[in-house]
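Novice:
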Amino acid sequence: MLDTKIVRANPEAVAQQLEKKHFAFPVERFNELEAKRREVQVETENLQNERNTRSKMIGKAKASGEDIQPLLAEVASLGDKLDAAKQQLNEISAELDDMLLGVPNIPDESVPFGEDEDDNVEVRQWGTPRSFDFEPQDHVALGEQHGELDFETAAKLTGSRFAVMTGKIARLHRALIQFMLDVQTTEHGYTEAYVPYMVNEDSLKGTGQLPKFGEDLFKVPFGDRQYYLIPTAEVPVTNIVRDEIVDAAKLPLKFTAHTPCFRSEAGASGKDTRGMIRQHQFEKVEMVQVVEASQSWAALEEMTGHAEAILQKLNLPYRVVVLCGGDLGFSSAKTYDIEVWLPGQDKYREISSISNMTDFQARRLKARARNPETGKPELLHTLNGSGLAIGRTLVAVLENYQQADGRIEVPEALQPYMGGVTEI
RNA sequence: GGAGGGGUGGCUGAGUGGUCGAAAGCACCGGUCUUGAAAACCGGCGAGUCGAGAGGCUCCCAGGGUUCGAAUCCCUGCCCCUCCGCCA
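When you line the first sequence up against numbering that gives the first Met the number 0, it's residues 0 to 423, in that order.
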C-alpha cells in the first residue's frame, strides 16, 4: 500500500508515476471519496466526542448522587445519529481501502519505461553459451532418454503442469536444494527458515497477492475458513515480521527458505506447456531481507549478487536484466531478473527475480522498527529474490551439461551432494 | 475429539461497568551524583489516525451485541497453555 499521506498530498503526481507501470490511478474518484471521507469523519468524530463527554458527565453526576434522568434524556437521539454517521463512514472507508489496496507500488526512478518483457534492459552478462558440436536436446528429451523425468505419469496422478522425477534426476533436483541452502547460509549470511506451505488471507494481503490476484492461487477450504497454498516462500517468510516492531539492533533480517511453490498459472494457458519451465508445483530456495529503509537499495544489489553467485558456482551462463515499468510486479519498486542460458530453447530464460518492495509491503504488514534516534517506530523495507528456482535450475543443468550421447555431467559444485557421482 | 485455564503497551503483569489509554515492574531516553561507569535518586516514555495548531477520534486477540457509557457484561470465531483420548 502506498503512503496515504503522499497520495492525498499530490494524487496527480502519484498517478503520473504509476503510468510507468501502466496503472491508471483514478484521481478524480479518489479526490471525491477523500473529500467525503473527511467530511463524514469529522462529523462522526464530533458526535463521538459529544457522546463521550456526556457519558462522563452522567458518570460524575451518578457518583455524586444527582438525578441522571434529565441527562439521559439529552443523549437519547445521539445514538441513532452516531450510528448513521458511522455507517456512512464505513462505506466510504471501505471503498477507499479497496481502491488503495489495488494500487501498485510506485516504480523507482531508475526503472526503464516499457510495455512488456521485450523492453527489459540488459544490465550485464556472465559466461558464454556453450557451442555444441551436436544438436543439443531439451530437458524433456533428455529426461525421457534417462527414463527419470516423466510428465505423462504426473498427468495421470494429477493433471498437466506437474512432473514425476525418479532416480538420479530426482537426486540431482534434491542436490540443488541442499547446495543452494548451504551457500546462502554459510557464505551469504542468511538464516535458514522452515515455514508453513499454507497461509491465511492476512498473510497474502500483507505481501500483496490479495485482494487482487486470488485467481493465481490454489485455495484450500478448511472448516469455514480458507487457506491458500503459497505461491512463493516470500509470503510466509516476509509475514514473519507482520505486526511486529523489530529490534533495530537485529537488522537486517536475512532469511532463506526452501519451499514448494504452487501457482494456478491461470493466465498462462498455452504458454510453456512443454517440460518443467512452468509448473503448478515447483521448488524454490528463496532469499528474504527485512532492512532499515535507507538500506534497501544496497540490499537489492547485494541479493542480486547472491543469486548470481549460485549460477557462477554452477558455471551456468546468464544475464541480468532490469524489468521495465510494464513488466514490474505489483508490489515491487524495482526488480532484476536473472536469465539463464537454455540450449534447448536457444535463449535466456528467467531463473530468478529479485525485488525491492520498499515500504509497500511493510505498510500492509505493519512491519516496523524503532528508530534509535527518535525512539519512534518506522516502517521497514522488504526485499525478496529467488536463490534460485530449483526446477528451472535443473533444466539448465540438464541442458547445459549434456553430452552427445545424452549423458549429463554433474557440475563440480554439486558432486559432493551426489555422493561423488560425476556423471549421470 | 473431551475437560479446564488464558489472550492487556517493546516485555512481565494489575485492572470485572464511569474521572482507565490503562497500576506496578523491567527495558528505553533525559538529568543529578561520579575521574568514567555501575548503583541510587528525579523526570519522561504505547500505537494509529484526523487537524496548520489547540486538540479530537480509534485501539486492551478478532467480529457482532447490551448500555447514556465496555479492557470489564453477553454471543461467535481465532490463537495459546494444562489434562485425557487419538495420531505421522
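Every residue gets a Cβ at the ideal spot worked out from N, C-alpha and C, and that includes glycine.
Closer than 7 Å by C-beta to Gly-328: which residues in its own chain qualify, once you throw out the five before and the five after it? Chain order, please.
Specialist: Thr-334, Ser-354
Novice: Which residues does DSSP list as the beta-bridge partners of Gly-384?
Specialist: Met-286, Ile-353
Novice: Could you work out which residue in Thr-3, Asp-326, Leu-364, Ile-67 is closest to Ile-244 when comparing CA atoms only?
Specialist: For Ile-244, the nearest C-alpha among the options comes from Leu-364.
Novice: Decide if Pro-497 is buried, meaning its Cβ has at least 16 other Cβ atoms within 10 Å, or exposed.
Specialist: The structure shown has nothing for residue 497, since the chain only spans 0 to 423.
Novice: So who's on the other strand from Lys-253, going by DSSP bridges?
Specialist: In DSSP, Lys-253 forms a bridge with Gln-288.
Novice: According to DSSP, is Asp-336 part of a helix, a strand, or is it coil?
Specialist: strand
Novice: Specify, as a first and last residue, the run of the alpha helix (DSSP H) that Lys-85 falls within.
Specialist: According to the DSSP assignment, Lys-85 belongs to the alpha helix (DSSP H) that extends over 77–100.
Novice: Between Leu-100, Ile-57, Met-417, which lies nearest to Lys-211 when the distance is taken from Cα to Cα?
Specialist: That would be Leu-100, whose Cα lies nearest to the Cα of Lys-211.
Novice: Does DSSP classify Tyr-189 as helix, strand or coil?
Specialist: coil
Novice: For the segment 389–409 against the segment 233–244, are there 3 or more C-beta pairs whose distance is under 8 Å?
Specialist: no
Novice: Counting C-beta neighbours from all protein chains within 10 Å, is the total for Ile-337 16 or more, i.e. buried, or is it exposed?
Specialist: By the 10 Å Cβ count, Ile-337 comes out buried.
Novice: Cβ atoms of Val-284 and Leu-250: under 8 Å apart, would you say?
Specialist: no
Novice: Going by DSSP in three states, Thr-303 sits in which element: helix, strand or coil?
Specialist: In the three-state scheme derived from DSSP, where H, G and I count as helix and E and B as strand, Thr-303 is classed as helix.
Novice: Go to Leu-71, then tell me how far its alpha helix (DSSP H) extends in each direction, as first and last residue.
Specialist: Counting along the chain, Leu-71 sits inside the alpha helix (DSSP H) bounded by residues 68–74.
Novice: For the beta strand (DSSP E) that Lys-378 lies in, which residues bound it at each end?
Specialist: It should be pointed out that residue 378 corresponds to Leu in this sequence rather than to Lys. Note, Leu-378: beta strand (DSSP E), 376–378.
Novice: What does Ala-368 pair with, by DSSP beta-bridge criteria?
Specialist: Val-245, Glu-377
Novice: Between the C-alpha atoms of Gly-390 and Arg-369, what's the straight-line distance to the nearest angstrom?
Specialist: 40 Å
Novice: Using a 10 Å radius around the Cβ and a threshold of 16 neighbouring Cβ atoms, would you call Val-102 buried or exposed?
Specialist: buried
Novice: Spatial neighbours of Glu-214 within its chain, please: CB distance less than 6 Å, with the 5 preceding and 5 following residues excluded, ordered by chain position.
Specialist: So the list reads Ala-265, once near-sequence residues are dropped.
Novice: Going by CA-CA distance only, name the one from Leu-88, Phe-22, Arg-318 that's closest to Gln-47.
Specialist: Leu-88
Novice: How long is the line joining the alpha carbons of Ala-247 and Gly-374, rounded to whole angstroms?
Specialist: Roughly 10 Å separates the two Cα atoms.
Novice: Less than 8 Å between the beta carbons of Phe-281 and Leu-228, yes or no?
Specialist: no
Novice: Using only CA atoms, which one of Thr-258, His-257, Thr-381 lies nearest to Val-287?
Specialist: Thr-381
Novice: For the beta strand (DSSP E) containing Val-396, list its first residue and its last residue.
Specialist: Run containing Val-396: none in the beta strand (DSSP E); it sits in the alpha helix (DSSP H), 389–399.
Novice: Just the C-alpha distance for Glu-143 and Leu-310, rounded to the nearest angstrom, thanks.
Specialist: 25 Å
Novice: From the DSSP output, read off the bridge partner residues of Glu-11.
Specialist: DSSP lists no partner for Glu-11.
Novice: For Met-302, which residues from the same chain have a beta carbon less than 7 Å from its beta carbon, with the 5 sequence-adjacent residues on both sides left out?
Specialist: Met-286, Gln-288, Ile-353, Leu-382, Gly-384
Novice: Taking the beta carbon of Glu-27 as the centre, do at least 16 other beta carbons fall within 10 Å, making it buried, or is it exposed?
Specialist: exposed
Novice: Let's see if you can read the secondary structure: which residues bound the alpha helix (DSSP H) around Glu-44?
Specialist: Per DSSP, Glu-44 belongs to the alpha helix (DSSP H) from 26–62.
Novice: Under 8 Å Cβ to Cβ from Gln-40, same chain only, skipping five residues before and after it: list those, please.
Specialist: Contacts found: Leu-88.
Novice: For the putative contact between Ser-330 and Thr-206, defined by C-beta atoms under 8 Å, what is the C-beta separation to the nearest angstrom?
Specialist: 7 Å
Novice: Apart from the five residues just before and just after Glu-233, which ones in its own chain have a Cβ nearer than 7 Å to its Cβ?
Specialist: Thr-206, Glu-285, Val-287, Asn-383
Novice: Helix, strand or coil for Gln-136? Go by DSSP, reduced to three states.
Specialist: coil
Novice: Using three-state DSSP, classify Met-0 as helix, strand or coil.
Specialist: coil
Novice: Going by alpha carbons, who is nearest to Phe-254 out of Ala-8, Leu-171, Tyr-189, Val-321?
Specialist: Tyr-189
Novice: Pull up the distance between the alpha-carbon of Ser-351 and that of Ala-8, whole angstroms please.
Specialist: 37 Å
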